[in-house]
Amino acid sequence: MGKKIIWILIAVFISYEARAQISVGNEKIDYANPKEYYIGGITISGVRYLDNNVLIMLSGLSVGDKIKVPGEDITNAIKKLWKQGMFEAVDISYTKIQGDKIFLDIHLVEQPKLAKFSFRNIRKSEADDLREELGIVRGDPVNKNTVLRATNIINDYFVNKGFYNVDTKITQIRDTVSGNLVTLIFDINKGKKVKIAHFYIEGNEKISAKELQHQFKESKEKRFYRFWKASKFIEDDFKGDMDLLMAYYNSKGYRDARIISDSVVRVSDKLVDVYVKLFEGDQYYFGDIKFVGNTKYPSELLARVLNIHKGEVYNQQLLEKRLYMDMEKGDVHSLYMNQGYLFSSITPVEVRIHNDTIDLEVRIYEGKQAIIKHVTVKGNTKTNDHVILREIRSKPGELFNRADIIRTQRELAQLKYFDPEKLNVNPMPNPADGTVDIEYIVEETSSDQIEMSLGWGQGTLIGTVGVSFNNFSARNFFDKDAWKPIPSGDGQKLSLRVQSNGVYYQSYSASFTEPWLGGKKPTSLTVSVYRSVQTNGLTKENPNRNAIYITGATIGLGKRLKWPDDYFQLYQSISYQNYDLQNYANVFTFNNGSSNNLSYTIGISRNSTNQPIYPTKGSDVGVSLQFTPPYSLFNHKDYRYMSDAEKFAWVEYYKWKVHFAWFTGLGRKKWAQKLVLHTRAKFGFLGYYNEDIGYSPFERFYLGGDGLSGYSLDGRELIGMRGYANNSLTPRDGFGYIGGTVYAKYTLELRYPISTNPMATVYLMGFLEAGNAWAELSDFNPYDVHRSAGFGARIYLPMFGLLGLDWAYGFDPIPGFPGMAGSQFHFSMNGSID
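Read in order, the letters of the sequence shown are residues 1482 to 2315 in the numbering used here.
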């Protein structure tokens, strides 16, 4: 008779009261009166790669089941098979009816599965991004929905990059071996980027279109000079810029301003014109501002902190900043939050609007003071808890204090163990018992550093290799399981450094710092040792050998002070160096003999910068005094008739150093919000106790160049000065550089960040610099300086520290030494040029 098919799926969606019958031979299916049957048999048709028994099981139908035809049993079976997502079509029909038995056939059309996919005409980085966006893998079913979804994702991706003419074609290639697998090829024609030709603003009568366009962060008109910022049109960015536009109007007192309409008109395949129509409304001003509900602080004090006066332009952003979060000048809410009033709330309410004036009522709910219950740390996978907790100023049992939280975040960032952008705090208030739990969230970053550099000294190249482990753990040194690759997590610092140019010069140094001696107070202990040897390359047995051996050690203690404020630090150290000269000429004033340098250093500094790598505000100032015992004042020797070797058997001197550095953000105007002005000055003076001895040949100042130049045999300080060759601004005698006893250096830098990512901080700078060094204090003149100007870049990589490249031009020639000034390139490491 042939196959008799019941299209049950159609029957599910069509209902009507009229009686309908379908007859096949002597059998009839009455859709108005369903009839019950027993399933006599089930067959599967149309599939080649799937197991029939599994498919029958998935349908939920079984031989012997009692079902109604038409009925929900057949409909549910179709739904179950559709849910598998493996088929393009699902049909259930009957092949025959024998009495009360019905024999069913499930006809399925299999969907092909994905074998692989590839992209054409795009970059590898774009393909990598799209693979992540698409989220498809081998074995996924391929159907019309898959293709449509992939096309939309690809097109949206490129539209967001300014390619509004993108066209994506997808080709399916069936695998001839497996049969049911297909390869998808995404052929992408990005077309040209669509840029903004003109930005037309209508309805602005109070503020110029030029000023308004300066508020846009992303949507810029196409200009030939705008090479640092593309003018591409991206809808999401455009919407964000419209929000900025309204925020700017509101900051100028136009609280009723709104965008009436906006439209984009395509000028060509590459260009669009953007039209924005505005309603500005009236400009409003602050009226009377009253405080209500305040018992802790008088209204006069709150008004001084708010610092908004009647008659000023109404600025909602400024109001919220002064009420809730003004990091520079302080805000009203901080007064309460810093005294434990975590549950307090401050709500400004517009109580009256008359003409162009708005009266405000600041309603304050003070609540109860909150006590800190628990302080925890989350996210530290390497650094031990106690290293972090000792830097945290929020202590259990104390009142909640927002200023302590902000300061803690600064201290944790200064450690350089964690990503500053990922530092977070999660206060968890418990109003029921008046307590709060504070959770500090950190994310570890690489803090260890490698130093590799080449310098020039004494007419030859000098290589330097060093490593600093900045989160070392000495107590786990002998624990073999802790070497992963080194013991770490206790916040100690271990540095190793080697310098050499072969057989002529070798220098070895090591230092160790424990930042919290004893683990109770922030008192640091630093111990360093070093040894260097310089020769003319001859063996020890050769009588013509020239050599100098320098051995030294330093032990220092640093302490955080609480007065005048807790940004101050006190540092003290004792150092000893021994210089052993063996027929060593042309550097010191004597050739043979031994000289000893025992000195004490005390210094006080104050560092309030907000970030360690790219500070945007704060200052760093300090003064230090290093001195030896005044041996000549109490040993009763007549130094007038002594040889230099005898005079300097025990070196005596005193040395003052002063430095100032300020960081100022220039964020008033939008274009200047990222600019930072860095101003610094440095001074140094080396003095003597006894005129018969005079200035020490050790510990002098060498100015000029990159500050990396080679040998440092005599405790000299290398001070960078851009625009001039290494050491070129250092006093000389007939034999060479003798070092300065006085120096001054002034620097003015304007910095702009390209990336503030702590894993790769990059910023550009332009600078002016001036400085000089003098042989005698009587020669010192702070205005007799060599000047330079230039530009440069800095990149901070956790592994290598701060790397710099500068070009500078020295304006003042050095008499008798052409080429020492003028155009100069300088490479620097870890601020060596500063």
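The C-beta atom is built at its ideal place from N, Cα and C for all residues, glycine as well.
My guess is that Ala1738 and Phe1760 are in contact by the Cβ rule of under 8 Å, so how many angstroms apart are they, rounded?
Within the sequence shown, residue 1738 is the residue found at index 257, counting from 1. Within the sequence shown, residue 1760 is the residue found at index 279, counting from 1. With a Cβ gap of about 7 Å, Ala1738 and Phe1760 count as contacting.
Go through the stretch 1555-1599 residue by residue and report every complete run of the beta strand (DSSP E) that reaches 3 residues or more, in order.
1568-1579, 1582-1591
Going by C-alpha distance, which of Gly2201, Phe1719, Met1806, Tyr1575 is nearest Ala1884?
Walking along the sequence shown from the start, residue 1884 turns up at place 403. The residue with the shortest Cα to Cα distance from Ala1884 is Met1806.
Name the DSSP bridge partner or partners of Gln1820?
As a working note, residue 1820 is residue 339 in the sequence shown. None, per the DSSP bridge assignment.
So Gly1768 is in the alpha helix (DSSP H); what residue range does that whole segment cover?
In the sequence shown, residue 1768 corresponds to position 287, counting from 1. Looking at the DSSP string, Gly1768 is not in any alpha helix (DSSP H); the run it does join, the beta strand (DSSP E), is 1766-1773.
Could you give the residue range of the alpha helix (DSSP H) that holds Ala1955?
Here the question's residue 1955 lines up with position 474 in the sequence shown. Run containing Ala1955: none; DSSP gives neither H nor E here.
Out of Phe1568, Leu1611, Ser1574, Ala1608, which has the shortest C-alpha to C-alpha gap to Lys1625?
What you label residue 1625 is simply residue 144 of the sequence shown in a count that begins at 1. When only C-alpha atoms are compared, the closest one is Phe1568.
For the beta strand (DSSP E) that contains Gly1721, what are its first and last residues?
Working through the sequence shown from its first residue, we reach residue 1721 at position 240. It is not in any beta strand (DSSP E) - Gly1721 instead sits in the alpha helix (DSSP H) that spans 1716-1732.
Could you spell out the range, first to last residue, of the beta strand (DSSP E) harbouring Arg2275?
Taking the sequence shown and counting its residues from 1, one reaches residue 2275 at position 794. 2267-2278 is the span of the beta strand (DSSP E), which, as asked, contains Arg2275.
Going by alpha carbons, who is nearest to Ile1587 out of Asn2072, Gly2285, Gly2175, Val1535?
Indexing the sequence shown from 1 puts residue 1587 at position 106. Taking only the C-alpha atoms, the option nearest Ile1587 is Val1535.
What's the C-alpha gap between Gly1506 and Asp1572?
The sequence position of residue 1506 within the sequence shown is 25, counting from 1. The sequence position of residue 1572 within the sequence shown is 91, counting from 1. Note on Gly1506: pLDDT 36, under 50, position unreliable in the model; the coordinate value appears next. If you take the alpha carbons of Gly1506 and Asp1572, they lie about 22 Å apart.
Using CA coordinates, which residue listed in Asp1914, Met1909, Gly2168, Tyr2112 is at the minimum distance from Glu1920?
In the sequence shown, counting from the first residue as 1, residue 1920 sits at position 439. Minimum Cα distance to Glu1920 is reached at Met1909.
May I have the straight-line CA-CA distance separating Ala2254 from Leu1783, to the nearest angstrom?
Sequence index remark: in the sequence shown, residue 2254 carries index 773 (1-based). Sequence index remark: in the sequence shown, residue 1783 carries index 302 (1-based). Straight-line Cα distance between these residues: approximately 52 Å.
Have a look at Glu1801, Val1544, Lys2098 and flag the residue whose alpha-carbon is nearest the alpha-carbon of Asp1812.
As a working mapping, residue 1812 is identified with position 331 in the sequence shown. The candidate whose alpha carbon is nearest that of Asp1812 is Glu1801.
What residues in its chain sit with their C-beta under 6 Å from that of Asn1641, if we drop five residues either side in the sequence?
Taking the sequence shown and counting its residues from 1, the one referred to as residue 1641 is at position 160. Around Asn1641: Ile1715.
Can you tell me whether Asp1885 is helix, strand or coil according to DSSP?
Against the sequence shown, residue 1885 aligns to sequence position 404. Helix, per DSSP.
From the DSSP output, in three-state form, read off Arg1529 for me.
Indexing the sequence shown from 1 puts residue 1529 at position 48. In the structure shown, Arg1529 sits in coil (DSSP, three-state: anything other than H, G, I, E or B).
Keeping to the same chain, check which residues put their C-beta closer than 7 Å to that of Met2301; ignore five residues upstream and five downstream.
To locate residue 2301, count along the sequence shown from 1; it is residue 820. Taken in chain order, the residues that qualify are Tyr2205, Ala2206, Ser2209, Ile2295.
How many Å lie between Asp1621 and Arg1604 at the Cα?
Taking the sequence shown and counting its residues from 1, one reaches residue 1621 at position 140. Taking the sequence shown and counting its residues from 1, one reaches residue 1604 at position 123. So the alpha carbons of these two residues sit roughly 25 Å apart.
Could you tell me the distance, in whole angstroms, from the CA atom of Ser1749 to the CA atom of Val1906?
Taking the sequence shown and counting its residues from 1, one reaches residue 1749 at position 268. Taking the sequence shown and counting its residues from 1, one reaches residue 1906 at position 425. In a straight line, the C-alpha of Ser1749 is about 50 Å away from that of Val1906.
Between Pro2003 and Arg2041, how many whole angstroms is the CB-CB distance? I'm expecting something under 8 Å.
Start at 1 with the first residue of the sequence shown, and residue 2003 comes out as number 522. Start at 1 with the first residue of the sequence shown, and residue 2041 comes out as number 560. Confirmed, Cβ separation roughly 4 Å.
Please name the residue, chosen from Tyr1766, Phe1767, Glu1781, that lies closest to Val1773 on a Cα-to-Cα basis.
Your numbering for residue 1773 matches position 292 in the sequence shown. Considering only alpha carbons, the answer is Glu1781.
Just how far apart, CA to CA, sit Thr2032 and Gly2000?
For this step, residue 2032 is matched to residue 551 along the sequence shown. For this step, residue 2000 is matched to residue 519 along the sequence shown. Approximately 31 Å between the Cα atoms of the pair.
Between Ser2105 and Thr2082, which are expected to be in contact by the criterion C-beta below 8 Å, what is the C-beta distance as a whole number of angstroms?
Counted from its first residue, the sequence shown places residue 2105 at position 624. Counted from its first residue, the sequence shown places residue 2082 at position 601. Confirmed, Cβ separation roughly 6 Å.
At what residues does the alpha helix (DSSP H) containing Asp1637 begin and finish?
Counting from one through the sequence shown, the residue named residue 1637 turns up at place 156. That run of the alpha helix (DSSP H) goes 1625-1640.
In chain order, which continuous runs of the alpha helix (DSSP H) of length 4 or greater are located wholly inside the stretch 1849-1905?
1866-1870, 1883-1896
Between the stretch 2158-2171 and the stretch 2128-2142, do at least 3 Cβ pairs fall closer than 8 Å?
yes
Expressed to the nearest angstrom, what Euclidean distance is found between the alpha-carbon atoms of Pro2299 and Ile2055?
For the purposes of this step, residue 2299 is taken as the residue at position 818 of the sequence shown. For the purposes of this step, residue 2055 is taken as the residue at position 574 of the sequence shown. Rounded to whole angstroms, Pro2299 to Ile2055 spans 42 Å at the Cα level.
Hey, would you say Asn1865 sits closer than 9 Å to Ser1954, going by beta carbons?
Residue 1865 sits at position 384 when you count from the first residue of the sequence shown. Residue 1954 sits at position 473 when you count from the first residue of the sequence shown. The answer is yes: Cβ separation under 9 Å.
Check whether the stretch 1866-1873 and the stretch 1786-1801 touch, using three or more Cβ-Cβ pairs below 8 Å as the test.
no
Closest to Asp2125 by C-alpha separation, out of Phe2069, Tyr2244, Gly2146, Tyr1846, would be which residue?
Sequence index remark: in the sequence shown, residue 2125 carries index 644 (1-based). It is Phe2069 whose Cα lies nearest to the Cα of Asp2125.
Do Tyr1765 and Ile1688 have their C-beta atoms within less than 9 Å of each other?
Translated into positions along the sequence shown, residue 1765 becomes position 284. Translated into positions along the sequence shown, residue 1688 becomes position 207. In this structure, Ile1688 does not lie closer than 9 Å to Tyr1765 by Cβ.
What residues in its chain sit with their C-beta under 7 Å from that of Ser1934, if we drop five residues either side in the sequence?
Within the sequence shown, residue 1934 is the residue found at index 453, counting from 1. Hits under 7 Å: Thr1945, Leu2189, Met2310.
Leaving out five residues on either side along the sequence, give the residues of the same chain with a beta carbon under 6 Å from the beta carbon of Phe1697.
As a first step, residue 1697 is located in the sequence shown; it is residue number 216 there, counting from the start. Cβ neighbours of Phe1697 beyond the five flanking positions: Asp1722.
Leaving aside the five residues before and after Glu1892 along the sequence, list all residues of the same chain whose C-beta is less than 6 Å from its C-beta, in chain order.
By 1-based counting over the sequence shown, the position of residue 1892 is 411. Glu1872.
What is the residue span of the alpha helix (DSSP H) that Ile1612 lies within?
Taking the sequence shown and counting its residues from 1, the one referred to as residue 1612 is at position 131. Inspection of the sequence shows that residue 1612 is occupied by Arg rather than by Ile. Residues 1605-1615.
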